[in-house]
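K.L.:
Got a structure for you, questions after.
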Amino acid sequence: MLWWVIVGLIAGWITGKLMRGEGYGTIMDIVIGIVGAVIGGFIMRALGFAGSGGMIYTIVVAVLGAVLLTLLLRLFTKGR
């Protein structure tokens, strides 16, 4: 569980730097990073990639999932 928070923190921070616009705050960045890691892991497994790539692989997959999640969040909350 602590590993998820650490990966979520790193992924959320990297996603915040990659994506332009307003951020969601520290706690929400961590949550987006954790959920992004789950989404990214699911997508990578569905594409046939193994989930045993180590720390760098985990962070890259989490960032990709968090970027996708951020894009979806912005798409649905753009008018608000």
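With positions in the sequence shown counted from 1, the corresponding number in the working numbering is that position plus 33.
Ideal placement from N, C-alpha and C gives every residue a C-beta, glycine not left out.
1. Residue 90 lies in the alpha helix (DSSP H); which residues open and close that run?
2. Do you know how far the Cα of residue 46 is from the Cα of residue 99?
3. Flag this pair as yes or no: are the beta carbons of residue 67 and residue 57 separated by less than 8 Å?
4. Is residue 77 helix, strand or coil by DSSP?
P.N.:
Once the coordinates are examined:
1. 87 to 110
2. 10 Å
3. no
4. helix
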